[in-house]
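J.:
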Amino acid sequence: MILAAVAALALAACGSSNKSSSSTTTATTAPSSSPTSSSTNGTVNMNIGNPSSSTTVTEAGSSLLYPYLQLLVSPLHSAYSNVTLAPAAGGSGKGISDTIAGTVNVGGSDAYLSNSEFAANPGLMNVPIAVSSQAVNYNLPGITNLKLTGNVLAEIYQGKITKWNDSAITALNPGVNLPDKTIVPVRRVDSSGDTFIFTSFLSATNATWSSGPAFGTTVTWPAVSSEVTASGNPGMVQTCHATPGCIAYIGISAESSALSAGLGEAELQNKAGNYVQPNQTTVESAVNAGATSLPSNLAAPLIYEPGAQSYPIVNFEYIIVKSSQPSSNLAMAIRTFLAFSISPTGGSAPAFLAKNQFVALPQSVVPLSESAIAKISG
Amino acid sequence: MTAVLDPHLIPLRSARRIQLSELTKRDRVVRGFLLVAAIIPTAALAFLAYQMLKSAYPAIVFNGWHFFTSKSFDLGNQYGSGVEVHDGYKAPAGAHYGILSLLFGTLVSSLIALLLAVPVSVAGAILLVEKLPRFLQSTLGVFLELLAGIPSVIYGLWGVYTLGPLFSRTVYKWIAALHIPWLRGPTGAGEGLLSASIVLAIMIIPIIASITRELVRGVPAISKEGAVALGLTPSETVRTVTLPYIRSGVIAAAILGWARALGETIAVLIISGNALGVYPKSIFDAFTTMAATIAALLDSALTDTTHMATAALAEVGLVLLAFTLITNFAGRLVARRFSDAGLPVGRGV
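Right, dumping it as structure tokens:
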């Protein structure tokens, strides 16, 4: 019975037609095999299955990934009755540091590991399981589809642009009646993967930001007198909702609560010069452009990718895990959880991913994740 | 079986020596146990200080005196290449640790909190003891002590969701309209120095008020009766008799309240705005304190593979520990120095 399930999963993983590849976009490159790909038809044996005794896999980290993992607990447990996932939030930095310290079994992170973290922790891996994105939301009732660029955002967060009707913003939005209101930028106070990808975007589009705060899960934010802080994505939604004139960077899994709280979603300028919002098409365009050359440690940004339709703030959702686990049951449980989450019939089913506006890994990346999963042993 | 000694028959010093050797085994065991129990708090404090020093040592060497002369606190670029090296210790590229902005924020917020809390506590305590009917006294007294028991995170949440936004739209705008230097400028959305100081003040009022209440109760009735006999009005009695009598006790209580405000972490973390490395330009601006910075940056510091970030936070913690110990000692010194006998009647007339 279990062998049949494993075989079915392996077959599903190596299926040639894949709904998540770029069939609906117009100007993307076809995913070519990455120079580091170990297998292109997905026959990596990840050795998954139900562990011999009931095992709990504890997770902490990204608040962007958290809603997805929360939803995954139940189907995972139904498919594998001895695997229980116990997710928590707390920020991507916490996910990374807790996994390194061994406080939790796996960590969730929107940020990939740094070279020094890889060097200091041999055997530590970041395994991509899904593709997510980040929206820039604002609290200006009545104004929909505001156009912004990364450069303007960097200047807002540096305090150089302080009013909504500043010439830099009105130039991008002709015909929109912007109020003479102070911009209240909201930023994350916890060690956050959302901060990581947002500051990566600012670094890619503004030279002062790149040489100054640069990017990271925590950065030295320039002092802006009206700036406020919030904790976690739900906190960002809450704070922005309560503050007229605010602007905030909010992970896509919180998009529905942001929109129902009355916040607008900005259209960001991508590398090709077009203004796009995050949706299945624009995110897939970006990840397919970026996934053509991944390093062997899978630590890759998907920020400001080329492509007429590409959305500029896209990222892999990583699970941080050590390749050497203390027990074989735990290793089996972790491999099974990860394989389930990237399986098109499990956690990467399009309908399941769509509940949090995530997108499945491109076909070229799936074998790379599978090879990484296969390395986990105990 | 214990020998009975008459201390009047034996010189005192040898009496004590004889008494010790006459102790039963049970007495010795109990004495030993009590000795251990008495040593444990001191040992715990010494152990804590030693561990903090050990964790902070790399940062102490790396930073040198620049720690106390620099205001920017930068964890450096975790994703950059290259490291900074000073005196054999490594830190991420661009890392620079300086405590001045944290010290400033800690001191200013706690002092403003004191400025707001002491008059309110003293006035409240005097009112409670001298003016209110007895049945109200105990009820209101209970509520006052209750304030001390509310967890600090609730103060922080209440401050950032209710008090801050409400005040920033009303009271802060009125203050800013007066155009007093440092009290003007954009009033923000509720997070900032003034909001945090108000919340801290509310948190330390119970400490100061309950001590002051006992002090006011301890003012000798004869002094107050004398004042009434001389024809002083109630407010003059308070001013000339009660206040001078309780003054040093209030100073000691204020120092204890200040020690609490210095170490307050979660409430400040939620409502301060967490502006690292800058001095607030007005009372409505965001700032940060030593305790709040440690809490906010700890998870990021743990991702630093050179471990210099955690050492720097430990150094901040060491400075905070030193501060708290010094203020607590100072409070006790003041209390002890002025604790005997009331002041003469009529001082201050």
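As given, the protein sequences belong to chains A and B, one line each in that order.
The opening residue of the first sequence carries number 437 in my numbering; numbering runs sequentially from there.
The opening residue of the second sequence carries number 34 in my numbering; numbering runs sequentially from there.
For each residue, glycine too, the CB sits at the ideal point set by N, CA and C.
Given the structure is predicted, the values throughout are model-derived calculations rather than measurements.
Alpha carbons only, please: which of Gly531(A), Leu704(A), Ser662(A) is nearest the one belonging to Thr539(A)?
T.: Gly531(A)
J.: Which one of Gln713(A), Ser763(A), Asp626(A) has the shortest CA to CA distance from Ile749(A)?
T.: Nearest C-alpha to Ile749(A) among Gln713(A), Ser763(A), Asp626(A): Gln713(A).
J.: In the DSSP assignment, the beta strand (DSSP E) including His677(A) goes from what residue to what residue?
T.: His677(A) -> not in any beta strand (DSSP E); alpha helix (DSSP H) instead, spanning 668-678.
J.: CB Val367(B) to CB Ile238(B), shorter than 8 Å?
T.: no
J.: Have a look at Leu180(B) and Ala254(B) and give me their C-alpha separation to the nearest angstrom.
T.: 30 Å
J.: Sort Glu495(A), Gln799(A), Lys596(A), Thr535(A) by Cα distance to Lys758(A) and report the nearest one.
T.: Thr535(A)
J.: At a CB-CB cut-off below 7 Å, which residues of chain B make contact with Gly652(A)?
T.: Asn110, Gln111, Tyr112
J.: Thr298(B): beta carbon under 7 Å from a heavy atom of the ligand NAP?
T.: The model on display carries no ligand, and the ligand NAP is accordingly not part of it.
J.: Taking Cβ-Cβ distances shorter than 7 Å, what residues in chain B pair up with Ala556(A)?
T.: Residues of chain B with a Cβ closer than 7 Å to the Cβ of Ala556(A) are, in chain order, Thr338.
J.: Between Thr539(A) and chain B, is there a C-beta pair that is closer than 8 Å?
T.: no
J.: Is it right to say Ile353(B) is buried, meaning 16 or more other beta carbons lie within 10 angstroms of its own, or is it exposed?
T.: Ile is not the amino acid found at residue 353(B); the sequence shown has Leu there. It is buried - the Cβ of Leu353(B) has at least 16 other Cβ atoms within 10 Å.
J.: Please identify the residue among Thr580(A), Ala607(A), Asp602(A), Ser628(A) whose C-alpha is closest to the C-alpha of Thr618(A).
T.: Closest option to Thr618(A), Cα to Cα, is Asp602(A).
J.: Within the same chain, show all residues whose beta-carbon is closer than 6 Å to that of Val572(A), passing over the 5 residues directly before and after it, in chain order.
T.: Tyr685, Ala702
J.: Our contact map puts Ser305(B) next to Thr322(B) with C-beta atoms below 8 Å; I'd like the distance itself, whole angstroms only.
T.: With 8 Å as the limit, Ser305(B) and Thr322(B) qualify as a contact, their Cβ atoms being about 7 Å apart.
J.: I'd like to know if Asp546(A) contacts chain B, where contact means its C-beta is closer than 8 Å to some C-beta of that chain.
T.: no
J.: Across which residues does DSSP place Arg624(A) in a beta bridge pair?
T.: In the DSSP assignment, Arg624(A) forms a beta bridge with Ala666(A).
J.: Taking 8 Å as the CB-CB cut-off, is Ala643(A) touching chain B?
T.: no
J.: For Gly218(B) versus Val193(B), is the C-beta spacing smaller than 8 Å?
T.: Cβ distance not < 8 Å, so Gly218(B) and Val193(B) don't count as in contact.
J.: So Gly532(A) contacts chain B; which residues on that side make the cut at Cβ distance below 9 Å?
T.: Per the sequence presented here, residue 532(A) reads as Ile, with Gly not at that position. Chain B residues near Ile532(A): Asp332, Leu335, Thr336.
J.: For a minimum of 3 consecutive residues, which ranges assigned as the beta strand (DSSP E) are wholly contained in the stretch 78-162 of chain B?
T.: 116-119, 122-125
J.: Since Thr492(A) is in the beta strand (DSSP E), which residue starts that stretch and which ends it?
T.: 491-497
J.: Would you kindly check if the distance between the Cβ of Ala124(B) and the Cβ of Gly113(B) is under 8 Å?
T.: Against a cut-off of 8 Å, the Cβ pair of Ala124(B) and Gly113(B) comes out as no contact.
J.: Can you tell me which residues form a DSSP beta bridge with Met561(A)?
T.: Val757(A)
J.: Nearest CA to the CA of Leu148(B): which residue from Ile208(B), Asp318(B), Phe80(B), Ile284(B)?
T.: Of the listed residues, the one whose Cα sits closest to Leu148(B) is Ile284(B).
J.: Of all the residues that make up the stretch 671-695 of chain A, which are near chain B by a beta-carbon distance shorter than 7 Å?
T.: Ala678, Thr679
J.: So with Cβ pairs under 8 Å, would you call Gly350(B) a contact of chain A?
T.: no
J.: Per DSSP, what kind of secondary structure is Ser281(B) in: helix, strand or coil?
T.: The three-state reading of DSSP puts Ser281(B) in helix, counting H, G and I together.
J.: Are Gly543(A) and Thr653(A) closer than 8 Å when you measure CB to CB?
T.: no
J.: Ser545(A) lies in the beta strand (DSSP E); which residues open and close that run?
T.: 542-545
J.: Note down the Cα distance separating Leu576(A) from Arg202(B), rounded to an integer number of angstroms.
T.: 18 Å
J.: With H, G and I counted as helix, E and B as strand and the rest as coil, what does DSSP make of Glu269(B)?
T.: DSSP places Glu269(B) within a helical segment (H, G or I) once states are collapsed to three.
J.: Grouping DSSP H, G and I as helix and E and B as strand, with all else coil, what is Val795(A)?
T.: Strand, per DSSP.
J.: State buried or exposed for Lys314(B), treating a residue as buried only when at least 16 other CB atoms are found within 10 Å of its CB.
T.: exposed
J.: Can you tell me which of the three DSSP states Phe317(B) falls into?
T.: DSSP places Phe317(B) in coil when its eight states are reduced to three.
J.: According to DSSP, simplified to helix, strand and coil, what is Ala566(A)?
T.: Strand, per DSSP.
J.: Quick one: grab the DSSP three-state call for Ser732(A).
T.: coil
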